[in-house]
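For what it's worth, the working numbering labels the leading residue of the sequence shown as 250, then goes sequentially. In this text, a Cβ means the ideal position worked out from N, Cα and C, and glycines have one as well.
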Amino acid sequence: GHEAGDELEGRSFTGQSVRRFEDRRILTGEAEYIHDVTPPGCLEMAIVRSVHAHANIVDVDTSAAEDHPDCELVLTIEDLQESYNPQPCGLEGYEEWSLADGKARFVGEPIAVVVAADRYLAEDMADLVNVEYETLDPVVDGMDARESDTLVHEDAGTNVADNERIAFGDPDGAFADADHVVEGTYEWGRVSGVPLETAGVVAQYDEDGDSFHIDCNIQLHTLVDDTVYETLGRPADRVELNVPADVGGSFGTKIAIHRYCNLAAMAAEQLGRPVKFVEDRIENLQGGDMHCSERTYEMRLACDDDGTMRGLDVWFVDDFGAWPHYPVNQVLKPLSVLTNSYAIDDVVYEYDLVLTNKTAQTAYRGFGVDPHQYALEMLVDDAARELDIDPTEFRRRNLVTPDQLPYRIPSGNIYDSGDYPGAMDRMDEILDENERCEGGLLDPETVEQRREEGFYRGTQTAVLIEPGVSGSDWTDRQRTDDETIQNRSREDVAELPEHLRAEVKPDGTVLAWLATDSSGQGHQTLVAQLLADELGLLPSDIEVDYLDSVEAPTEYGSAASRMAVMLSGASVGVGRQLRDALAELAADHWGVDREAVSYRDGRVERSGTDDSLSLAELAELDDEARTHVSYDYEHPATGFPEFDDALTHKYPVYPTAAYAVNAPIVEVDVETGEVEVLKFYTLRDCGTMLNPMIVEGQAHGGIAQGLGAALMEEFGYDQGSGQPQAITMFDYLLPSTKNMPDIEMEHTSHPSPFTETGAKGVGEGGMIDAPAAIACSINDALEPLGVTADKLPFTAHRARKRLREAEE
Ligand code: MCN
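In C-alpha cells:
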C-alpha cells in the first residue's frame, strides 16, 4: 500500500491501497479508547448480576455495602423507579428497567450497581450486596419456549414475542405443482462478534445545566441517544454523547440498548462525579447483551425434474434471549436476499421470535442474513442430492443471469449488478488450475488416498449475496400494525442521508467532519482519499474528525455496510461544494464572474491570466467562513420507483448486492470429527473498490468470523439450569492464526449503477458467505458417508455424532 503522504500527483487515490491513517496511532499505542478517558475525580462502577437464569428477587440487602467506608453509592431498582424511566425496548409491551425489576431473566442480568474509587474496590463492594432469590424453572430451548407454560414475561402471556408470515407470489401453487418438494432442518448456533475492546462508558453530570456528557464506545450513537435521553428523562439536547475516535471493534455488538450507559449516567448524577464502567471479559461474554441469532430453520424447496427451483418455504424460530431488544428486525433482514442468487418467484417467509432465559440479542455482522444463507444453501445441497443432480450444476441452472440484472427479488429488494454464472465459472477455472490438477489439494488421486486414511476432502461453490446500505426505517416494522403498514406512503418511509462537513484551514489543508462513528473500518482514510481526488490534494492534506451527538444531525451511521457508499457519495458532494465555494470566493476577490475562474489541483485560476490563488491564500481571504461547507448524500434507494413497493410495505431495502463465490477446501477427520479448512479460495465483487487493502482486510476478518461460526464458536447453555457455558475465552472458541487457512482472494468488479462511485457495501461479507460455504464444502466431503453439516458450529463433537449415527 501507499504511504498516506506519497506523492502521487495527477493520479487518483480512489481505488488505491492507501495506508490507513488510523493504523499509526493504533499500532503505536496512541489511539484513545474508552478506558483512556478518565476525567478528574472519576469513580468506577461495578454491577451486581444475577447468578440465576430465572428467579424472583425476594430481597436485595445493600446495608453491608452502604455501611462500608469505601462505598460511594449503591443503586437498586427502587432508586431507579424513584427518579428515572424504563428504557425503550425493541418491541412494545415490555417494560425494561436498567436493573432487574422483581425478577431476574438471565444469568448476568444487572440487579444493582455499586460505585467506589476504583474498580477493585467497587467489585469488593458489589460482593457485599446480598441478593435473596426464589429460583424458577428457566426457559432455555427456543423451540420448546413456544409451547412452554413457563413464561419469561408473564405480562406478555407468551414467549413468542413476534411472529409473522409473509407470502410472495403463489407459493401454494408452486408447491402443489412441483415435481419434488425437498425439506430440511438446519440449526445455527448462538454466536457473536467478540471485539478486542469490551463495551464501556464514562458518564459526567453537570448540575448547573442539568446535563450529561457521556463518552462511550458505542457503534451508533444515534440508536443509543434515544434510549439514554428517555431513560434519564431529559430532553435530547441535555445529553451529549461522544464516541471516542478509536473503538476496538464492534461488529454490530455495540449497537443495541446497553444498560450500563444509563446506569453510569444515573450514578454520575447521584454523586455529582464522573463514573466509569468498562465490561470485563466475562461480563462481555455472558451478560453484555451481545449475543446474536440462534435459529432453527425448517425449509422446503419445490423443484421440477429438470432442476428448476419453483418455490421456497422458509420457517424459523429465533431465540432472542430475555428481552426483545432493538435488533428484533434481524428476523426481517433476510428478506433482502430472500432467494439468494437464485431466481425463485414464489416464496413464503415465516418466523417466530421467541424469548428465553438467556442473554438478549444484539446485532452481529450479517444481521441475521448469515443463518438464512447457510440454511438456504444447505437446502439446495439436500435438494440436489435428492434430485440426483450435481450440486454445482443445480445452482448454475437457477442463478439470476447478467441480463436479468438489476433483478427484483420477490420481497422487492433489487440486486444491482454482477455476473453470477461468470463468477462460478471463474472459480471453477481457479480450482481446475490450482487444486484439481496433479499435486493439488483436490487432485482426485490424493483425495482418494486421503479418504483411505480416514480424511475426507471436499469443496462446494455457490454465489452468496451480501446486501449493503440499509437506511430506510423498515427497522420499526414490528412496532407497526398491518393496517398502518398497508396505508403507508412513500413519504412516510425515511431515507437517512449521510452528512459530511469540510472547511479549509489557514495552512491550506482541509478539515472534514464525520457525523457518524467508526469501530475500525478506516472511514477517516476513506474520506481523505475521496476528498483528495475531488480537490486535487494529497490524502495527507485532509484531516478527518468526528462530530459529537449534539453537533451531528441524527443519522443512521456505520452499520449495514453502508459507509463506503454513503461516505464516498458525501465526499464527492462536499468536494464539489468546497470547489464551488472557493471559486466564488476567488471570483469575488478578483471582481470577476464566477465563470471566469476555475478550480484545478488545489488552486483557483483566473482564465486568460496567470493569476491563481492557493487554498492557503483563499483561506486567508475567507473571513466569513464561506468555505465551511456541508453536504447530505441521499441514500441510493431514495427516488427509485423500483424500491417503493418494498419500502412502503416496510421490507428491507439494500440497494447494493456485493457477492462472493467461495471455495473452502475442507478436510474432515472421520475418526475425531475434526474439520480443517486447508485453503480458502474466494472471488469477490463489491463494485468499485475504493481502497482494495481495506476491502481485503474486511473480507479476511469476515471470513475468520465466518469460520468461527461454522466450526468453533458457540454460546452454549446448560439445558437444565440455563447457566451459560461459554463465559471465558477457554470456552468460547475464537479462531486464531492456527485455525485460519491461507486465503486466496480475487476480485471482479461490476460497479453498482445505483451509487455515486459504483461502490457496494462489503463490511459484512465473509461472515455472511463463509459459514454457508464451509458447511456446503463439508457436505461435499462427507457425501459418500451421507452426513451433512446440518447444525453449526459443526464442532468435532457434533461431526462425530453425525458420523456415528450414519454408521448405524
Ligand atoms: N470499502 C471500499 N470499497 C468498497 C466497499 C468498502 O474500499 N466498495 C471499504 C471502505 O473504505 C470502508 C470499509 O471498506 O472503510 C467498510 O465499508 P462498508 O462495507 O461500507 O461498511 P461500513 O463502513 O458501513 O462498516 C460497517 C460494517 C459492519 S455492518 C460491521 S458489523 C463491521 C464492519 O463494517 N464491523 C467492523 N467491519 C468492521 N471492521 C472493523 N475493523 N471493526 C468492526 O467493528
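Three or more Cβ pairs drawn from the region 304-321 and the region 372-389 lie within less than 8 angstroms of each other, which places the two stretches in contact. DSSP lists 305 as the beta-bridge partner residues of residue 352.
For the 8 angstroms CB-CB criterion, residue 465 and residue 450 form a contact.
For residue 801, the CB stays at least 7 angstroms from every heavy atom of the ligand MCN. When the alpha-carbon of residue 636 is set against those of 921, 1057, 1009 and 427, the nearest one is in 427. With respect to residue 358, residue 439 sits apart: the two C-beta atoms are not nearer than 8 angstroms. Residue 265 is classed as buried because its beta carbon has at least 16 other beta carbons within 10 Å across all chains shown. Cβ-Cβ separation between residue 365 and residue 374: approximately 5 angstroms, consistent with a contact (criterion under 8 angstroms). The straight-line gap separating the alpha-carbon atoms of residue 982 and residue 371 is approximately 30 angstroms.
Taking a cut-off of 8 angstroms on C-beta distances, the region 583-595 touches the region 653-669, as three or more cross pairs fall below it. DSSP, read as helix, strand or coil, puts residue 737 in coil. DSSP lists 431 and 561 as the beta-bridge partner residues of residue 550. Going by C-alpha positions, residue 940 is about 7 angstroms away from residue 775.
Under the three-pair Cβ rule at 8 angstroms, the region 841-853 does not count as touching the region 807-818. With distances taken between CA atoms, residue 792 lies nearest to 754 out of 823, 754 and 711.
Just so you know, the alpha carbons of residue 332 and residue 801 end up roughly 29 angstroms apart. For residue 526, the uninterrupted beta strand (DSSP E) segment begins and ends at 524-527. It is roughly 12 angstroms from the alpha-carbon of residue 879 to the alpha-carbon of residue 746. The count of Cβ pairs closer than 8 angstroms, one atom from the region 761-779 and one from the region 902-910, stays below three, leaving the stretches out of contact.
In the structure shown, residue 387 falls within a coil segment according to DSSP collapsed to helix, strand and coil. A contact between stretches requires three or more CB pairs, one per stretch, nearer than 8 angstroms, and the region 619-629 meets this requirement with the region 546-557.
In the DSSP annotation of this structure, the continuous segment of the alpha helix (DSSP H) that includes residue 623 starts and ends at 618-636. In the DSSP assignment, residue 669 falls outside any beta strand (DSSP E) and within the unbroken alpha helix (DSSP H) covering 669-683. Bounds of the beta strand (DSSP E) holding residue 928 are 924-934.
A straight line joining the alpha-carbon of residue 312 with that of residue 528 spans about 25 angstroms. A distance of 8 angstroms or more separates the beta carbons of residue 834 and residue 787.
For the set 385, 409 and 386, the Cα lying nearest the Cα of residue 392 is the one of 409. Where residue 316 is concerned, there is no enclosing beta strand (DSSP E), although the alpha helix (DSSP H) around it starts and stops at 312-316. Rounded to the nearest angstrom, the gap between the Cα atoms of residue 498 and residue 314 is 35 angstroms. For residue 500, the Cβ falls inside the 7 angstroms cut-off from some heavy atom of the ligand MCN.
A Cβ-Cβ distance of about 30 angstroms is found for the pair residue 976 and residue 519, leaving them out of contact under the 8 angstroms criterion. Spanning the alpha carbons of residue 284 and residue 368 requires a straight line of approximately 12 angstroms. For a cut-off of 8 angstroms, the C-beta gap from residue 452 to residue 514 is around 4 angstroms, short enough to register as a contact.
Contact between residue 539 and residue 647 fails: their C-beta atoms lie close to 37 angstroms from each other, not under 8 angstroms. Take the alpha-carbon of residue 420 and the one of residue 886: they are about 28 angstroms apart. Distances between the C-beta of residue 935 and the heavy atoms of the ligand MCN include at least one below 7 angstroms.
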